[in-house]
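Inspection log for the structure reproduced underneath, given as structure tokens.
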Amino acid sequence: MTDYQTALSQCLSEQTATIASHTLASGETVWVRKAGKHVPQWRYAALGLLSKVFKLGALQPVPNLGGEAALAIEARRLQELEQAGVPAPKLLAQNRKAIMFSNLGGNGFMHEIENPATQLGSFAEGLAAIARVHKAGQYLSQAFIRNIIRQSDGGIGFIDFEDDPLLHMPLIQCQCRDYLCYLQSSATWLERTGNLSEAVAIWCRHFQSLPENLQTALRKNYLRVLWLRRLKAGWMGNDTRRLSALAQLLYQAEKI
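Next comes the structure, spelled out in structure tokens:
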């Protein structure tokens, strides 16, 4: 049986990057995340003010504290998700300076959303996977497609839990945030390939299957951002493009 605590100490002695994968003597692949730099909280204060001005609701920035605090949050969240049966990395070992967690395997989900041949089917699968997380009484952290993994068994898993939205908003808002982050990161690709209208229909069917309280909360949130579809690309770079595509998807959904 692998002594993960000892393995963590050994990995730390040779790791220079903040996060890196390691192959243990047993042949198992694991990841080690070291404590990063502390993030100045004034940055989040400024972003929080902007989110209030623009009434972004569940899309408001969630502080990533950095350093040992972020490690402690991720360790706790991984344990909570495992207990709830959510497909996420398993916490294997931790100390004040680092955590070790399992490798989900498989490939990045983003490639499936970028590919016109697979994106609509994968888009629907991602929505269903998020719904399963919520059915387990849980929520994610940053449910962007870059943080979703197509596991080797064909299932969908989630990574990156250095911040905890529940410390800053109610559970129902955390779950709204999951959907909005997912839609925001998918919409640009769907728009580029001309599949946005089909994706809107998929989203509308999924939306109707959600609990009524989540439907209500989602509509309150995304009605606030519909005006963003008028944003011109380039005003704030890719962020503008993603927000505009998200607003366009939601605007079309509102008309159905």
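Residue numbers for the sequence shown follow numbering that gives the first Met the number 0, beginning at 0 and rising by one.
Here a beta-carbon is modelled for each residue, glycine too, at the ideal position from N, C-alpha and C.
If you draw a 10 Å sphere on the C-beta of CYS175, you find 16 or more other C-beta atoms in it, and that means buried. The three-state reading of DSSP puts GLN137 in coil, since its state is none of H, G, I, E or B. Judged by their CB atoms, ILE201 and ALA123 are nearer to each other than the 8 Å cut-off. Between ALA34 and GLY84, the C-beta gap is not smaller than 8 Å, which leaves the two residues out of contact. Taking a C-beta distance under 8 Å as the contact criterion, LEU119 and ALA198 qualify as a contact pair. Note on the stretch 93–135: whole beta strand (DSSP E) runs with a minimum of 3 residues are 97–101, in chain order.
In this structure, the straight-line span from the alpha carbon of GLU190 to that of PRO115 is close to 11 Å.
If the five residues before and after ARG32 are omitted, its C-beta is found closer than 6 Å to the C-beta atoms of ILE18 and ILE98, all from its own chain and listed in chain order. Look at LYS254 here: in three-state DSSP terms it is helix. GLY56 places its beta carbon 8 Å or farther from that of ASN212. Contact between ALA6 and ALA69 does not hold, since the beta-carbon distance rounds to 22 Å and is not under 8 Å. Distance between PRO164 and SER140, taken at the CA atoms: about 6 Å. With distances taken between CA atoms, ALA252 lies nearest to LEU222 out of ASN63, ILE129 and LEU222.
DSSP places SER184 in the uninterrupted alpha helix (DSSP H) bounded by 170–191. PRO88 and LEU242 have their C-alpha atoms some 29 Å from each other.
Apart from the 5 residues on each side of it in sequence, TRP226 sits with its Cβ closer than 8 Å to the Cβ of ALA246 in its chain, given in chain order. Burial is judged here by how many other beta carbons sit within 10 angstroms of a residue's own beta carbon; SER151 has fewer than 16 and is exposed.
Just so you know, the alpha carbons of LEU217 and ILE255 end up roughly 16 Å apart. Looking at the DSSP output, VAL31 shares a beta bridge with ALA19 and MET99. Counting other Cβ atoms within 10 Å of its Cβ, GLY156 reaches 16 or more and is therefore classed as buried.
With at least 16 other beta carbons inside 10 angstroms of its own, ALA244 counts as buried.
Among the bridge pairs identified by DSSP, ARG149 is matched with ASN106 and ILE155.
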